[in-house]
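Undergrad: Residue numbers (this note's numbering): 86 to 517. All C-beta atoms, glycine included, are put in the ideal place defined by N, C-alpha and C. Let me begin by handing over the structure; questions about it come next.
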Amino acid sequence: MTNNITGAQPLTTPQEPLAPTRVARGWTRQDTTWVISLFGTAVGAGILFLPINAGMGGFWPLVVMALLVGPMTYFAHRGLSRFVLSSQQPNADITQVVEEHFGAGAGKLITLLYFFAIYPIVLIYGVGITNTVESFMVNQLQLAAPARWLLSIVLIMGMMSVMLAGERLMLKVTECLVYPLIAILAGLSLYLIPDWTGAALSEVPSAKDFATTLWLTIPVLVFAFNHSPAISSFALAQRRDHGDNAVAKSDAILKRTAMVLLGFVMFFVFSCVMSLTPAQLAEAKAQNIPVLSYLANQHESPLISYFGPLVAFVAIVSSFFGHYLGAREGLKGLVVQQMRSAGKEPNMKKLEVFIIAFFILTLWGTAVANPSILGMIESLGGPIIATILFIMPMYAIKRVPAMAKYQGAISNLFVAVMGTVAISAILFQLFG
């Protein structure tokens, strides 16, 4: 990845003037790098668990999901990108744009929501990486797994050490992970084709079960295809590089990103679902492990046995980095805002130490507790992500003069409806 993939650091500086216009360029290598970068941000625990939740209802709801998720992904992320680019300030990130359009109070609220949209995902990766490595040691290497408290802290400190070594190293490591991840993901999807059975096809749910499965899976789809942590800095990079053409360039890159995600991810999901029965998918959910770890345990093939857990490991680690930076920046923003509201100026060095300790301890505690990963995705990540990614930009189109030019598109209604559906599904599962 390039050094512009995360939302943690602005990509321009106050001394860097905003060009009023730039000549539109054709597709460049940098644009392709952005597609790969956004893909890497999205591919993580959500995609590895998506076949389990989506496939338990059978093949046919999955077909409808495949038709919905491409437009959902593109139009929602396009709306958020356009929202960031609507600012009159060339260097404004998402929280600053909210404050500009809706006031200081809303800015604080969005900072809070932004943190709580990303922080649960970071916790999910702490659980996911521990379970993936533990399953690999027991089932493939035939070793006795060490105590969970010890294994989890070693893995968490390994990922955190890359972050503490500096952002440049983190981005280099991530770049080295994403390309092999894409190749292995596609290769495993093809490799599973001979194992396809008609079990999923024969599972024909009733109309009520079909609708319920679709409804309750929408939040997992939102999570699995989400690359919103990178959108703020992505939009700033396009404004820096393309000036008045930033919106058009952003739209083009996001459209290709959605197409790549749809092609690779849904092919992977279909291939996994066609290789397993609904009962096996339910068993994988009960074991709380990624679908590839479950497949590795079911196949004697060395390819699946070793590459399956490797994909799970690489996907979780590569996505952890970007989400950690977003969560770190959100927590830092929250603390700074609260201290300055109280008339105090924060000590940044002490604040950085506090943030590092906070993440290590909470990641460790959650990994040891081993809560249901899908439960965390559904109950914590989904509704807040849906609010920021789907609802807020559509509200801004109605209320903000700078975004009024986007009014009237049918895609706005589609995004608002899908965001509402995702939130309603979460509320139903929490309180129904």
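Since residue 488 and residue 482 are thought to touch, with beta carbons under 8 angstroms apart, how far apart are those beta carbons, to the nearest angstrom?
TA: Along the sequence shown, read from residue 1 onward, the residue named residue 488 stands at position 403. Along the sequence shown, read from residue 1 onward, the residue named residue 482 stands at position 397. Contact flag correct, Cβ pair sits at about 5 angstroms.
Undergrad: Within the same chain, show all residues whose beta-carbon is closer than 7 angstroms to that of residue 241, passing over the 5 residues directly before and after it, in chain order.
TA: By one-based count along the sequence shown, residue 241 stands at place 156. Taken in chain order, the residues that qualify are 211, 445, 448, 449, 452.
Undergrad: What did DSSP end up calling residue 323 once you bin it into helix, strand or coil?
TA: What you label residue 323 is simply residue 238 of the sequence shown in a count that begins at 1. Reduced to three states, the DSSP call for residue 323 is helix.
Undergrad: Going by C-alpha to C-alpha distance, which of 220, 188, 186 sits closest to residue 391?
TA: By 1-based counting over the sequence shown, the position of residue 391 is 306. Considering only alpha carbons, the answer is 220.
Undergrad: Taking the beta carbon of residue 325 as the centre, do at least 16 other beta carbons fall within 10 Å, making it buried, or is it exposed?
TA: To locate residue 325, count along the sequence shown from 1; it is residue 240. Counting C-beta atoms within 10 angstroms of its own C-beta, residue 325 has 16 or more neighbours from the protein chains shown and is therefore classed as buried.
Undergrad: How long is the line joining the alpha carbons of residue 359 and residue 144, rounded to whole angstroms?
TA: Here residue 359 refers to the residue found at position 274 of the sequence shown. Here residue 144 refers to the residue found at position 59 of the sequence shown. Cα-Cα distance, rounded: 8 angstroms.
Undergrad: With distance defined between alpha-carbon atoms, name the residue in 312, 149, 499 nearest to residue 202.
TA: What you label residue 202 is simply residue 117 of the sequence shown in a count that begins at 1. When only C-alpha atoms are compared, the closest one is 312.
Undergrad: Between the alpha carbons of residue 314 and residue 473, how many angstroms are there, rounded?
TA: Position 229 of the sequence shown, counting from 1, holds the residue named residue 314. Position 388 of the sequence shown, counting from 1, holds the residue named residue 473. Rounded to whole angstroms, residue 314 to residue 473 spans 11 angstroms at the Cα level.
Undergrad: Comparing C-alpha positions only, which one of 205, 206, 183 sits nearest to residue 195?
TA: Here residue 195 refers to the residue found at position 110 when the sequence shown is read from its first residue. Minimum Cα distance to residue 195 is reached at 183.
Undergrad: Are the CB atoms of residue 337 and residue 116 nearer to each other than 9 angstroms?
TA: If you number the sequence shown from 1, residue 337 lands on position 252. If you number the sequence shown from 1, residue 116 lands on position 31. Contact flag set, yes.
Undergrad: Which whole runs of the alpha helix (DSSP H) in the region 108-140 are 4 residues long or more, in chain order?
TA: 114-127, 130-140
Undergrad: Mind pulling the beta strand (DSSP E) runs of 3 or more residues that sit fully within the region 408-440?
TA: Counting whole runs of 3 or more residues, the region 408-440 contains no beta strand (DSSP E) stretch at all.
Undergrad: Would you kindly report the start and end of the unbroken alpha helix (DSSP H) that includes residue 520?
TA: Because the chain spans 86 through 517 in this model, residue 520 falls outside it and cannot be assessed.
Undergrad: Look at the Cβ atom of residue 504, then the Cβ atom of residue 200, and state whether they are nearer than 9 angstroms.
TA: In the sequence shown, counting from the first residue as 1, residue 504 sits at position 419. In the sequence shown, counting from the first residue as 1, residue 200 sits at position 115. No; because the gap between Cβ atoms is not below 9 angstroms, this pair is not in contact.
Undergrad: When you compare only the Cα positions, how much space is there between residue 147 and residue 298?
TA: Taking the first residue of the sequence shown as 1, we reach residue 147 at position 62. Taking the first residue of the sequence shown as 1, we reach residue 298 at position 213. Each residue's Cα considered, the two are about 9 angstroms apart.
Undergrad: Specify, as a first and last residue, the run of the alpha helix (DSSP H) that residue 193 falls within.
TA: Taking the first residue of the sequence shown as 1, we reach residue 193 at position 108. 189-224 is the extent of the alpha helix (DSSP H) around residue 193.
Undergrad: If contact is defined by three or more beta carbon pairs under 8 angstroms, each pair taking one atom from either stretch, is the region 270-289 in contact with the region 435-443?
TA: no
Undergrad: Check for me: the alpha helix (DSSP H) holding residue 162 runs from which residue to which?
TA: Working through the sequence shown from its first residue, we reach residue 162 at position 77. Start and end: 144-170.
Undergrad: Please determine, among 497, 416, 187, the residue with the shortest C-alpha to C-alpha distance to residue 198.
TA: Your numbering for residue 198 matches position 113 in the sequence shown. Among 497, 416, 187, the Cα nearest to that of residue 198 is on 416.
Undergrad: Could you check whether residue 133 and residue 345 sit closer than 9 angstroms to each other, using their CB atoms as the reference points?
TA: The count along the sequence shown starts at 1 and reaches residue 345 at position 260. The count along the sequence shown starts at 1 and reaches residue 133 at position 48. In this structure, residue 133 does not lie closer than 9 angstroms to residue 345 by Cβ.
Undergrad: Spatial neighbours of residue 155 within its chain, please: CB distance less than 6 angstroms, with the 5 preceding and 5 following residues excluded, ordered by chain position.
TA: For the purposes of this step, residue 155 is taken as residue 70 along the sequence shown, with counting starting at 1. 343, 347, listed in sequence order.
Undergrad: Go to residue 382, then tell me how far its alpha helix (DSSP H) extends in each direction, as first and last residue.
TA: The sequence position of residue 382 within the sequence shown is 297, counting from 1. 376-383 is the span of the alpha helix (DSSP H), which, as asked, contains residue 382.
Undergrad: Determine the burial state of residue 490: buried for a count of at least 16 other Cβ atoms within 10 Å of its Cβ, exposed for fewer.
TA: Translated into the one-based positions of the sequence shown, residue 490 becomes position 405. Exposed is the call here.
Undergrad: Consult DSSP for residue 310 and reduce its assignment to one of helix, strand or coil.
TA: As a working mapping, residue 310 is identified with position 225 in the sequence shown. In the structure shown, residue 310 sits in coil (DSSP, three-state: anything other than H, G, I, E or B).
Undergrad: Assuming residue 138 contacts residue 302 under a Cβ cut-off of 8 angstroms, what Cβ separation, rounded to an integer in Å, is found between them?
TA: As a working note, residue 138 is residue 53 in the sequence shown. As a working note, residue 302 is residue 217 in the sequence shown. Between residue 302 and residue 138 the Cβ distance is about 6 angstroms, and since that is below 8 angstroms, they are a contact.
Undergrad: Which stretch, first to last residue, makes up the alpha helix (DSSP H) that contains residue 477?
TA: Numbered from its first residue, the sequence shown carries residue 477 at position 392. Here the alpha helix (DSSP H) through residue 477 covers 477-484.
Undergrad: Would you kindly check if the distance between the Cβ of residue 383 and the Cβ of residue 410 is under 9 angstroms?
TA: As a working note, residue 410 is residue 325 in the sequence shown. As a working note, residue 383 is residue 298 in the sequence shown. Contact: no.
Undergrad: Hey, would you say residue 216 sits closer than 9 angstroms to residue 389, going by beta carbons?
TA: As a working mapping, residue 216 is identified with position 131 in the sequence shown. As a working mapping, residue 389 is identified with position 304 in the sequence shown. No, Cβ-Cβ distance for residue 216 and residue 389 is not below 9 angstroms.
Undergrad: According to the Cβ coordinates, are residue 340 and residue 159 closer than 9 angstroms?
TA: Residue mapping note: residue 340 aligns to position 255 of the sequence shown, counting from 1. Residue mapping note: residue 159 aligns to position 74 of the sequence shown, counting from 1. For residue 340 and residue 159, yes; Cβs fall inside 9 angstroms.
Undergrad: Compute the beta-carbon to beta-carbon distance between residue 125 and residue 263, rounded to the nearest angstrom, for a pair I have assumed lies under 8 angstroms.
TA: Position 40 of the sequence shown, counted from the start, is the residue given in the question as residue 125. Position 178 of the sequence shown, counted from the start, is the residue given in the question as residue 263. 4 angstroms between Cβ atoms; contact.
Undergrad: Taking only three categories from DSSP, how would you classify residue 246?
TA: Here residue 246 refers to the residue found at position 161 when the sequence shown is read from its first residue. Residue 246: helix per DSSP, three-state reduction.
Undergrad: Between the Cα of residue 319 and those of 162, 493, 230, spot the shortest distance and give me the residue it belongs to.
TA: Numbered from 1 along the sequence shown, position 234 holds the residue referred to as residue 319. Selected option, being the one with the closest Cα: 162.
Undergrad: Comparing alpha-carbon positions, which option in 421, 321, 387 lies nearest residue 174?
TA: Translated into positions along the sequence shown, residue 174 becomes position 89. For residue 174, the closest alpha carbon among the candidates 421, 321, 387 is that of 321.
Undergrad: If you measure between the beta carbons of residue 443 and residue 244, is that distance less than 9 angstroms?
TA: Mapped onto the sequence shown, residue 443 falls at position 358. Mapped onto the sequence shown, residue 244 falls at position 159. No, the Cβ-Cβ distance between residue 443 and residue 244 is not below 9 angstroms.
Undergrad: Considering only the beta carbon of each residue, do residue 507 and residue 304 sit closer than 9 angstroms?
TA: Your numbering for residue 507 matches position 422 in the sequence shown. Your numbering for residue 304 matches position 219 in the sequence shown. Result yes, Cβ atoms of residue 507 and residue 304 sit closer than 9 angstroms.
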